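Right, one structure below, let's go through it.
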Amino acid sequence: MPKIKIKKELLHTPKGTRDILSDEAKNWEFIETKAKEIASYYGFRQIRTPHLEKTELFTPVGEFTDIVEKQMYSFRTRGGDHLSLRPEGTIPIMRSYLQHGMNALPQPVMLYYSGSFFRHESPQRGRFREFGQFGLEMIGEEDAIADAIVIRVMTLILEELGLGQFTVHINTLGDQECRPIYRKELLNYYRRKVNYLCKDCKKRLKTNPLRLLDCVEEKCIELKKDAPQMIEYACDACRKHFREVFEFLDKLQIPYFLDHHLVRGLDYYTRTVFEIFYNPPVPLEEPKKAPIINTDLEEESVKTFPPQEVPTEEPPPMIVPERAAPLKLAIGSGGRYDQLSGTLSPKKIAGVGGALGIDRLVEIIIKSKIQIIKETHPKIFLIQLGPQGKQQSLVLLEEFRKAKMSVASALAKDSLKNQLRITNNLKVQYALILGQKEAIDGTIIVRDMASGAQETIDQSKLIDYFKKLKKNKKY
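Reminder that position 451 of the sequence shown reads as 474 in the working numbering, one-by-one numbering, no gaps.
What follows is the structure, encoded as structure tokens:
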């Protein structure tokens with residue numbers, strides 16, 4: 024038979040993707056299970072949308088955003104349809120909400136999702152071209168309590184995973200009434216400094232000036248320190264909404280940081296935007312009160328309230344470091360999207376959502392050696408000998424499964440010596456030996472691996488035998 028030449032590159036996953044092997048997959052499964060459990064408790068229900076959507080659907084992300092310009096996996100089908108692999112989860116869920124008439128349901132509609140998303144960006148630590156997310160969407164509610172609920176559920180998931188060292192960076196982007204005023208001021212500021220901008224930001228100045236605040240180039244970071252802040256130009260309604268979000272977070276004692284430069288990479292956001300950073304447990308400076316937004320419209324240009332008065336016996340409402348820990352890692356984000364539905368249909372429906380990056384969470388858990396899964400090992404090993412013993416072992420394994428008892432086996436092994444070696448390596452308490460004779464007689468040998476004592480019992484009594492041992496705490 025001629026040798027088949029296989030290109031080495033075919034034995035590797037495509038750039039920016041990876042295989043999640045069994046040990047790591049356990050962490051993924053645990054995270055998703057825990058997240059679903061908490062989300063369900065708070066009233067969220069699961070939704071699953073296709074990995075493929077019509078390319079035009081993602082127009083609300085922003086024509087001049089990196090996602091639309093550079094990162095979407097788009098193609099034309101043989102039938103002429105323009106399709107894309109979903110780059111994010113909110114727009115497909117809003118599409119589903121509108122398509123299936125969920126506005127007729129009691130509002131808000133609270134949904135959670137998990138799965139893979141795709142962006143053609145430069146692979147780097149904790150960031151892949153196919154990445155996993157667990158997300159929440161709360162559609163049909165304008166009240167600030169919805170923003171707080173989404174943030175609360177996301178932070179509860181982190182706490183349950185042992186990742187309690189986090190800070191929520193938060194900002195407001197205003198709405199259709201006040202954001203154009205801010206945009207104009209931002210343009211005026213940066214036009215005077217255009218010669219100092221990086222190449223990308225010179226382009227953003229013409230197409231999407233808010234994205235200037237998101238640039239990570241050193242010279243652009245320096246420029247944005249003195250840039251106008253959205254809160255200075257927010258209308259009365261947006262300030263009121265933002266203040267109420269803070270009040271809820273204070274009550275829940277969620278640590279947050281007012282980040283005037285936080286804008287997010289998606290154009291459909293209005294009002295609240297947030298990003299959650301994990302702060303590795305390193306020494307921090309003495310905690311200080313975080314700034315609190317001023318909603319007093321009579322005091323123009325005032326950026327923050329003085330500290331709120333609270334009873335002396337209670338802790339201050341918002342105790343966080345002035346800055347997050349230096350080695351912060353972004354692990355989640357989200358925001359409000361009250362105008363999104365209007366870009367897809369005539370209906371204007373408020374909404375807010377957020378998502379956690381599962382790849383990054385798993386990376387942190389593994390590198391921090393956080394034990395989120397209690398390792399369990401079978402205490403029983405089933406040894407089978409001969410054709411009839413092997414056949415009958417399949418029947419017994421199913422009986423153990425129905426009884427919710429974990430039993431290990433090596434059905435592909437025929438040698439008693441090899442199976443005993445595996446039994447010793449697993450350090451089980453009991454070995455079950457099922458040979459040709461036992462299979463015919465309907466019996467089985469139970470050996471105590473610690474003492475070496477063994478006895479023969481009827482197979483029909485095997486499950487009850489181990490239930491009795493468990494009751495007497497001998498198994």
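C-beta atoms are modelled at their ideal positions from N, C-alpha and C, and glycine is treated no differently. This structure is a prediction, so every number in the text was calculated from the model and none was measured.
Quiz prompt | Buried versus exposed, by CB contacts within 10 Å (16 or more), H400 | solution = Classification for H400: exposed.
Quiz item: With a cut-off of 8 Å, do at least 3 Cβ pairs link the segment 370–390 to the segment 114–129?
Solution: These segments touch.
Self-check item: For T36 and E144, the rounded distance between their alpha carbons
Solution: E144 and T36 have their C-alpha atoms spaced approximately 16 Å apart.
Quiz item: Do Y213 and L235 have their C-beta atoms closer together than 9 Å?
Solution: In contact: Y213 and L235 (Cβ atoms closer than 9 Å).
Practice problem: Determine the extent of the alpha helix (DSSP H) in which L492 is found, giving its start and end residues. | Solution: L492 -> alpha helix (DSSP H) spans L485 to K494.
Exercise. Assuming L134 and E160 form a contact by the criterion Cβ under 8 Å, report the distance between their Cβ atoms to the nearest whole angstrom.
Key: Rounded, the Cβ-Cβ distance is 5 Å, consistent with contact.
Quiz item: Mapping DSSP to helix, strand and coil, what is Q69?
Solution: Residue state, collapsed to three classes: strand.
Quiz prompt | Spatially closest choice to L492 from Y453, S483 and G197, by CA coordinates | solution = Closest by alpha carbon: Y453.
Exercise. Indicate whether F297 and G365 have their beta-carbon atoms separated by less than 9 Å.
Key: No; because the gap between Cβ atoms is not below 9 Å, this pair is not in contact.
Quiz item: Should I389 be labelled buried (16 or more other beta-carbon atoms within 10 Å of its own) or exposed?
Solution: I389 should be labelled exposed.
Quiz prompt | Three-pair Cβ contact test at 8 Å for the segment 404–424 versus the segment 435–448 | solution = Put simply, the segment 404–424 touches the segment 435–448. At least three CB pairs are less than 8 Å apart.
Exercise. Along the alpha helix (DSSP H) that carries N441, what are the first and last residues, could you check?
Key: It spans L439 to L449 - the alpha helix (DSSP H) in which N441 sits, taken as one unbroken run.
Quiz item: If you count every other CB in all the chains shown that lies within 10 Å of the CB of D273, and 16 or more means buried, which is it?
Solution: D273 counts as buried, since no fewer than 16 other beta carbons sit within 10 angstroms of its beta carbon.
Practice problem: Could you check what DSSP says for P344 in three-state terms: helix, strand or coil? | Solution: Annotation note: pLDDT 35 at P344 (below 50); position unreliable, coordinate value reported separately. DSSP places P344 in coil when its eight states are reduced to three.
Quiz item: Taking only runs of the beta strand (DSSP E) that begin and end inside the segment 92–156, which ones reach a length of at least 3 residues, in chain order?
Solution: Runs of the beta strand (DSSP E) inside the segment 92–156: 97–99, 105–108 and 132–141.
Practice problem: Give the straight-line distance between the Cα atoms of P410 and Q459, rounded to the nearest whole angstrom. | Solution: Taking the straight line from one Cα to the other gives about 7 Å.
Self-check item: Distance CB(M125)-CB(I162) smaller than 9 Å
Solution: Taking 9 Å as the Cβ cut-off, M125 and I162 qualify as a contacting pair.
Quiz prompt | Coarse secondary structure for V385, derived from DSSP in three states | solution = In the displayed model, V385 falls within a helix according to three-state DSSP.
Practice problem: Following the continuous beta strand (DSSP E) through L379, name the residue where it begins and the one where it ends. | Solution: Judged by DSSP secondary structure, L379 falls within the beta strand (DSSP E) whose first and last residues are G374 to G380.
Quiz item: Which first and last residues belong to the alpha helix (DSSP H) in which S364 is found?
Solution: Residues L363 to L367.
Practice problem: List the endpoints of the continuous beta strand (DSSP E) containing A353. | Solution: For A353, the enclosing beta strand (DSSP E) has its first and last residue at L352 to R359.
Quiz item: Under a Cβ-count criterion, where at least 16 other Cβ atoms within 10 Å of its own Cβ denotes burial, should S474 be classed as buried or exposed?
Solution: Exposed, because fewer than 16 other Cβ atoms sit within 10 Å of the Cβ of S474.
Quiz item: Looking at C-alpha atoms only, which residue of E52, T56, G155 and R101 is the closest neighbour of H74?
Solution: The shortest C-alpha separation from H74 is found at G155.
Quiz item: For T295 versus M253, is the C-beta distance shorter than 9 Å?
Solution: Cβ atoms of T295 and M253: not closer than 9 Å.
Exercise. May I have the straight-line CA-CA distance separating M177 from R148, to the nearest angstrom?
Key: Rounded to whole angstroms, M177 and R148 show a C-alpha spacing of 22 Å.
Self-check item: Beta-carbon gap between V217 and K225 smaller than 9 Å
Solution: Between V217 and K225, the CB-CB gap stays under 9 Å.
Exercise. Alpha carbon to alpha carbon, how far is I70 from I116? Give it in angstroms, no decimals.
Key: Straight-line Cα distance between these residues: approximately 8 Å.
Quiz prompt | Proximity to F271 [Cα-Cα], best of Q362, A169, C201 and K248 | solution = Looking at the Cα atoms, A169 is the closest of the given residues.
Quiz prompt | Neighbour-count burial assignment, E337, 16 or more Cβ in a 10 Å radius | solution = Caution applies to E337, whose pLDDT of 37 falls short of 50 and renders its modelled position unreliable; the value that the coordinates give is listed next. Result: exposed.
Quiz item: By Cβ distance below 6 Å, which residues in the same chain neighbour H105 in space, the five residues on each side in sequence not counted?
Solution: By the criterion of a C-beta distance shorter than 6 Å, H105 is surrounded in its chain by T78 and R99, once the five residues flanking it on both sides are discounted.
Quiz item: Under 9 Å, do I387 and Y279 count as touching if we go by C-beta distance?
Solution: Result no, Cβ atoms of I387 and Y279 do not sit closer than 9 Å.
Self-check item: Backbone CA spacing between A58 and Q362 [nearest angstrom]
Solution: Between the alpha carbons of A58 and Q362 lies a gap of roughly 28 Å.
Self-check item: CB contact flag (Y291, I114, <9 Å)
Solution: Cβ distance < 9 Å, so Y291 and I114 count as in contact.
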